[in-house]
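K.L.:
Protein chains in written order, with our numbering: chain W, -18 to 513; chain U, 7 to 352.
Where is the CB? At the ideal position from N, CA and C, for every residue including glycine.
Below you will find the structure I want to go over with you.
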Amino acid sequence: MKDKSPLLEMRNISKDFFGNSVLKDVSFKLEKGEILGLVGENGAGKTTLMKILFGMTVIRDTGGYSGEIFLEGKPVSYKTPFEALDDGIGMVHQEFSLLPGFTAAENILLNRESTKNNFMTELFGDRMKNLDRKDMRKRALKAIGKVGVQLHEDMLISDMPVGHKQFTEIARELEKDNIKLLVLDEPTAVLAESEAEILLKSMKKLSSEGISIIFISHRLREIINITDKILILRDGRIIQEKPTSSTNISEIAEAMVGRELEVSKREDVRVFDRTFLSVSRLWVNMPGETVRDVSFDVNEGEIFGIGGLAGQGKLGIPNGIMGLFPGGGEIILDGKKIGLNSPRIALDSGMAFVSEDRRDVGLLLDEPLDWNISFTAMQVQNKFLKPIFGNLIKWRDEKAIQNAAKGFIDALEIKCTGYSQKAQELSGGNQQKICLAKAFIVEPRVLFVSEPTRGIDVGAKKIVLDTLIKNNREKGTTIIMISSELEELRSVCDRIAIVDEGKIAGILPATRPAADFGLLMLGTAPVSGGAE
Amino acid sequence: MKYLDRIVEKTGWPRLIIGLFLFSLFIAAPFAQVKIGTSLSDTLIRFGMNGIMVLALVPMIHSGCGLNFGLPLGIIAGLLGATITIELGATGAASLFIAILAATPFALVFGWGYGNLLNRVKGNEMMIATYVGFSSVAFMCMMWLLLPYSSPTMVWGYEGVGLRTTISVEGFYLHALSNFLAVRIGTFFLPTGMLLFMGFVCFLVWAFLHTKTGTAMTAVGSNPVFARASGVNIDRMRTISVILSTWLGAVGIIVYQQSFGFIQLYMGPFYMAFPAVAAILIGGASVNKASIMNVLIGAFLFQGILTMTPSVMNSIIQMDMSEVIRIIVSNGMILYALTRVKKGAH
Ligand SMILES: Nc1ncnc2c1ncn2[C@@H]1O[C@H](COP(=O)(O)OP(=O)(O)OP(=O)(O)O)[C@@H](O)[C@H]1O
Ligand SMILES: [Mg+2]
């Protein structure tokens, strides 16, 4: 018995947002070098718990919390993240916090730059020190090495695919030499499986060096593989705390959602007879996801999957077709040629898009949910409008908007206080459901969904995928689903195309074994390709 | 206590403090021998005179163009409308509406050009807007001298060319709105018509924001990337908002003139933007969110303090310092308000 106080103890933590209670009496302990898995449904309170630990200002701004936190036996209560950083706690947030116009190295060393003295320092003090670029480079490379990836330290954040941004964030936390505890809030959500693998490996290494880790993820397999202990939150309460060795995935999944999850069996591959959407020689200039030359046909009523490693261009395809990034080539929908480079033309032709970038493209964070859900349908299809004076004035029909929003909140089980809550206040997974609702409401002929289950829990994932399938079977919507998760594509799609280096490496029926797709992905490209 | 907290939270400390200060000025007024009736009607008159110019800031805030420091451009459109009306010889109350009509084409053209300019400088709108405001005033200083006006009520008497710096609207639309249904009780005067007209224009803007186009405009200000992905033409929405702001500025100055009694040319529009901006900020607006309520509360508080402080202070210190105090108070409030400029959640 050398030191019996654990590295971290949170005791009786409770938190409410204006009367909406999101954490109730949460207590747990974390030992040195231990990896704790924190799981729970969307909105269970995982991120909020970590924000309390890290001293994020939103917590204080919304009335603080109750309960106690002990770090190595000392009571602590951080008022700002800086205090937490000083005590050796690092956190990688669910949403990126990088400076887009700066390089990886600059971001990693932000506020901790290496400096050299010069004559100005004598006169004006430390603010006048020169940056020691050479040393910064060395330190950045060392931190990147700790993460265990190949990442170019001179690459601008704005040119990076999401996976690399995530690695940059993690490297930034690891660069701090006093780090004792690392909080990772869904770090793998934006990573392809192979990339996630690398990250998990370096987490193992860190823990063997004595760094404790709190790891939040909705990918239960990762949780099982890497953690020492698993904490399950449901509706803000801890409902299970067990060593990882004595539990399994299905037990966790059931504890999380509080009911049994039946596994949906995939049907046989369906046969189609009519080409509906035909894409030929598409190129798209989307930073980090360049599409070079892509051609494929999608049948009417089909669910068509597009997979591939991050940075290879799979995300560029829907973004280009929907006119969000400049591109060229030929798109033919139902026999008619569709112009590129204009979101309006794409929407008018009956296509809709759920973007992978929900915070920037997908949502009006400052506006209520009913606005978010109805806006596109109102602008493009004149839904939710009441004509006044003939059709001179198109008046917003608040009642209809609210009813539609209520309908989707029920149908997709969106966790919120009501249709007038701001999108910003929802948990990540529930925001994703809002994005889906927004697309369903326009009743598109072709629906592009990009990373539809990124960051959402097992229960919600099933709801989202089932909703997509239901929409496809009942309304006949042709769906093109882009995802980094091969398993997810294989369970839902009829055919899957794998994108590699901006081109289609192959299109296979979804019933083919996973290894075949894996070969297509790895065939020509190195694991962390995509950066030029 | 919780109830009280909620009120404070909703109103916000700055508004609460300014409101309480204004209230205490009204309480103190009788003790300082200031007639409460006069002070109250002065406050209401100034509120009605300036309200529409504060309202003129709303559309551009909604579309994400920021605070319209280029308001003088709209005011110039109003001045052109006013002087053309007088030049044409229209008289009586109807001339007010002729002035608004005459100002409209100028407002549309100016607003369109100004909007296109702002679309090229996204991210720096407010700085460019300030330049536009100032340089348009400077340009018009020349034009007022050169334009071929000839009405004897407006041109310099001895030369016969060039407009005077101040032109009386007596005989034209002086008090055309203010006197409509006006109420007079002793020293108290209620400019019913002007307040009704202001209410009507506020209603129009409120209604516009509830239409399809208005909704799109708000979304453009809230998240332009989202709006674009939803098929909205961002530049078009922004241009519409700038045209609307410019037109409201034109209407605003004409309403101001009918109450004030004079058209002020040359440097007149120069400082008009700052009080309007200060008022809407005090009313609780931010750079990208503003409601009609912010306009009404802000205009009332700002103009109330501006009317009451000098008269109360003056009586207390027994010296005629009202102009000095007025300048100190008004610039102080503008400075204070500009320090409160906050972005929304972004
Ligand atoms: N700033 C806020 N204001 C009001 N409510 C909030 C705020 N932030 C979070 N909430 C609410 O707190 C609850 C918990 O949210 P939290 O982000 O902790 O969930 P989570 O477990 O991280 O979910 P996810 O897996 O989707 O990320 C949610 O219901 C959310 O709506
Ligand atoms: Mg979260």
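Rounded to whole angstroms, how far is the Cβ of W/Leu79 from the Cβ of W/Ile125, which I believe are closer than 8 Å?
P.N.:
As a position in the first sequence, residue 79 of chain W is number 98, starting the count at 1. As a position in the first sequence, residue 125 of chain W is number 144, starting the count at 1. Actually they do not touch by this definition, with Cβ atoms about 14 Å apart.
K.L.:
In the DSSP output, what is W/Gly288 paired with across the bridge?
P.N.:
Taking the first sequence and counting its residues from 1, one reaches residue 288 of chain W at position 307. According to DSSP, which records beta bridges pairwise, W/Gly288 is partnered with W/Ile479.
K.L.:
Can you tell me which of the three DSSP states W/Val508 falls into?
P.N.:
By one-based count along the first sequence, residue 508 of chain W stands at place 527. With a pLDDT of 39 at W/Val508, under the threshold of 50, the predicted position of this residue should be treated as unreliable, and no value is reported.
K.L.:
Alpha carbon to alpha carbon, how far is U/Arg21 from U/Gly310?
P.N.:
By 1-based counting over the second sequence, the position of residue 21 of chain U is 15. By 1-based counting over the second sequence, the position of residue 310 of chain U is 304. Approximately 13 Å between the Cα atoms of the pair.
K.L.:
Under 8 Å Cβ-Cβ, which residues of chain W neighbour U/Val318?
P.N.:
Taking the second sequence and counting its residues from 1, the one referred to as residue 318 of chain U is at position 312. What U/Val318 touches in chain W: nothing, since even the nearest Cβ is about 37 Å away.
K.L.:
Whose C-beta lies closer than 7 Å to the C-beta of W/Gln405 among residues of the same chain, with five residues either side of it excluded?
P.N.:
Residue mapping note: residue 405 of chain W aligns to position 424 of the first sequence, counting from 1. Answer for W/Gln405: Leu346, Asp347, listed in chain order.
K.L.:
Give the residues of chain W in contact with U/Ala256, contact being defined as C-beta atoms less than 8 Å apart.
P.N.:
By 1-based counting over the second sequence, the position of residue 256 of chain U is 250. Chain W residues near U/Ala256: none, gap ~23 Å exceeds 8 Å.
K.L.:
For chain W, check one thing: does any of its Cβ atoms lie closer than 8 Å to the Cβ of U/Ala351?
P.N.:
As a working mapping, residue 351 of chain U is identified with position 345 in the second sequence. Confidence at U/Ala351 is low in this model, with a pLDDT of 33, below 50, so the placement of that residue is unreliable and no value is reported for it.
K.L.:
Could you give the C-beta distance for W/Glu167 and W/Ile197, rounded to a whole number, given that I count them as a contact under 8 Å?
P.N.:
As a position in the first sequence, residue 167 of chain W is number 186, starting the count at 1. As a position in the first sequence, residue 197 of chain W is number 216, starting the count at 1. Confirmed, Cβ separation roughly 5 Å.
K.L.:
Hey, would you say the C-beta of W/Ser408 is under 7 Å away from at least one heavy atom of ligand 2?
P.N.:
What you label residue 408 of chain W is simply residue 427 of the first sequence in a count that begins at 1. Yes, the Cβ of W/Ser408 comes within 7 Å of a heavy atom of ligand 2.
K.L.:
Count the other C-beta atoms from every protein chain shown that fall within 10 angstroms of the C-beta of W/Trp352, then say buried if there are 16 or more, exposed otherwise.
P.N.:
Indexing the first sequence from 1 puts residue 352 of chain W at position 371. It is buried - the Cβ of W/Trp352 has at least 16 other Cβ atoms within 10 Å.
K.L.:
From which residue to which residue does the beta strand (DSSP E) around W/Gly308 run?
P.N.:
Numbered from 1 along the first sequence, position 327 holds the residue referred to as residue 308 of chain W. Its beta strand (DSSP E) spans residues 308 to 314.
K.L.:
Taking three-plus beta-carbon pairs below 8 Å as touching, is the stretch 247 to 265 of chain U in contact with the stretch 49 to 66 of chain U?
P.N.:
The stretch 247 to 265 of chain U is in contact with the stretch 49 to 66 of chain U.
K.L.:
Check each residue of the stretch 160 to 179 of chain U: if its Cβ is closer than 7 Å to any Cβ of chain W, include it; give the result in chain order.
P.N.:
The residues in question: there are none.
K.L.:
Mind reading off the beta-carbon distance from W/Phe277 to W/Ala478? Whole number of angstroms is fine, and I expect it under 8 Å.
P.N.:
Counted from its first residue, the first sequence places residue 277 of chain W at position 296. Counted from its first residue, the first sequence places residue 478 of chain W at position 497. Right, their Cβ atoms sit about 6 Å apart.
K.L.:
Roughly how many angstroms lie between the CA atoms of U/Pro316 and U/Ala35, to the nearest whole one?
P.N.:
Taking the first residue of the second sequence as position 1, residue 316 of chain U is located at position 310. Taking the first residue of the second sequence as position 1, residue 35 of chain U is located at position 29. C-alpha separation (whole angstroms): 11 Å.
K.L.:
For W/Met37, would you say it is in contact with chain U, using Cβ-to-Cβ distances shorter than 8 Å as the test?
P.N.:
Indexing the first sequence from 1 puts residue 37 of chain W at position 56. Closer than 8 Å: no.
K.L.:
State yes or no: is the C-beta of W/Thr29 nearer than 7 Å to some heavy atom of ligand 1?
P.N.:
One-based indexing of the first sequence puts residue 29 of chain W at position 48. Checking every heavy atom of ligand 1 against the Cβ of W/Thr29, one is found closer than 7 Å.
K.L.:
Just to confirm, does W/Cys397 get its C-beta within under 7 Å of one of the non-hydrogen atoms of ligand 1?
P.N.:
As a first step, residue 397 of chain W must be located in the first sequence, where it is residue number 416. Yes, Cβ of W/Cys397 sits closer than 7 Å to a heavy atom of ligand 1.
K.L.:
Anything in chain W within Cβ reach of U/Val14, meaning under 7 Å, just list it in chain order.
P.N.:
Here the question's residue 14 of chain U lines up with position 8 in the second sequence. Near U/Val14 there are no residues of chain W at all, since even the closest Cβ is about 14 Å away, more than 7 Å.
K.L.:
In terms of residues, what are the limits of the alpha helix (DSSP H) holding U/Gly57?
P.N.:
The sequence position of residue 57 of chain U within the second sequence is 51, counting from 1. That run of the alpha helix (DSSP H) goes 42 to 61.
K.L.:
Closest to U/Gly177 by C-alpha separation, out of U/Val211, U/Leu210, U/Phe145, U/Ser101, would be which residue?
P.N.:
Stepping through the second sequence from its first residue, residue 177 of chain U is reached at position 171. The candidate whose alpha carbon is nearest that of U/Gly177 is U/Ser101.
K.L.:
Bridge partners for U/Gln270 per DSSP, in chain order?
P.N.:
Counted from its first residue, the second sequence places residue 270 of chain U at position 264. BP columns for U/Gln270 point to U/Thr172.
K.L.:
Can you tell me where the alpha helix (DSSP H) with W/Glu150 in it begins and where it stops?
P.N.:
Stepping through the first sequence from its first residue, residue 150 of chain W is reached at position 169. From DSSP, the alpha helix (DSSP H) with W/Glu150 extends over 143 to 156.
K.L.:
Output the distance between the C-alpha atoms of W/Asn280 and W/Phe9, rounded to the nearest integer angstrom.
P.N.:
By 1-based counting over the first sequence, the position of residue 280 of chain W is 299. By 1-based counting over the first sequence, the position of residue 9 of chain W is 28. Their Cα atoms are separated by approximately 52 Å.
K.L.:
DSSP three-state label for W/Pro168, please.
P.N.:
The residue labelled residue 168 of chain W in the question sits at position 187 within the first sequence. Of the three classes helix, strand and coil, the one that applies to W/Pro168 here is coil, per DSSP.
K.L.:
Taking a Cβ distance cut-off of 8 Å, strictly less, list which residues of the stretch 335 to 349 of chain W are near chain U, in chain order.
P.N.:
Answer set for the stretch 335 to 349 of chain W: Ser336, Asp341, Val342, Gly343, Leu344, Leu345, Leu346, Asp347, Glu348.
K.L.:
If contacts are defined as beta-carbon pairs under 8 Å, then U/Val40 and U/Val318 qualify, I think. What distance do you get, rounded to the angstrom?
P.N.:
As a position in the second sequence, residue 40 of chain U is number 34, starting the count at 1. As a position in the second sequence, residue 318 of chain U is number 312, starting the count at 1. 6 Å between Cβ atoms; contact.
K.L.:
Where do the N-terminal and C-terminal ends of the beta strand (DSSP E) with W/Arg514 fall, by residue?
P.N.:
One cannot answer for residue 514 of chain W here, as it falls past the ends of chain W, which runs -18 to 513.
K.L.:
How would you label W/Lys210, buried or exposed, when you count the other beta carbons within 10 angstroms and need 16 or more for buried?
P.N.:
On the first sequence, residue 210 of chain W is found 229 positions in, with the first residue counted as 1. So W/Lys210 counts as buried.
K.L.:
Pull up the distance between the alpha-carbon of U/Gly129 and that of W/Leu344, whole angstroms please.
P.N.:
Position 123 of the second sequence, counted from the start, is the residue given in the question as residue 129 of chain U. Position 363 of the first sequence, counted from the start, is the residue given in the question as residue 344 of chain W. Approximately 21 Å between the Cα atoms of the pair.
K.L.:
My output table needs one value for W/Glu469: the three-state DSSP class, helix, strand or coil.
P.N.:
For the purposes of this step, residue 469 of chain W is taken as the residue at position 488 of the first sequence. If DSSP states are grouped into helix, strand and coil, W/Glu469 belongs with the helices.
K.L.:
For U/Ala296, which residues in chain W fall below 8 Å Cβ to Cβ?
P.N.:
Position 290 of the second sequence, counted from the start, is the residue given in the question as residue 296 of chain U. In chain order: nothing, as chain W lies at least about 13 Å away.
K.L.:
Should W/Gln221 be listed as close to ligand 1, given that the test is whether its C-beta is under 7 Å from any heavy atom?
P.N.:
Here the question's residue 221 of chain W lines up with position 240 in the first sequence. No; taking the cut-off as 7 Å, the Cβ of W/Gln221 has no heavy atom of ligand 1 nearer than that.
K.L.:
Cβ of W/Asp481 within 7 Å of any heavy atom in ligand 2?
P.N.:
For the purposes of this step, residue 481 of chain W is taken as residue 500 along the first sequence, with counting starting at 1. No, Cβ of W/Asp481 sits at least 7 Å from all heavy atoms of ligand 2.
K.L.:
How would you list, in chain order, the residues of chain U whose beta-carbon sits under 8 Å from the beta-carbon of W/Val361?
P.N.:
For this step, residue 361 of chain W is matched to residue 380 along the first sequence. Correct list: Ser236, Gly237.
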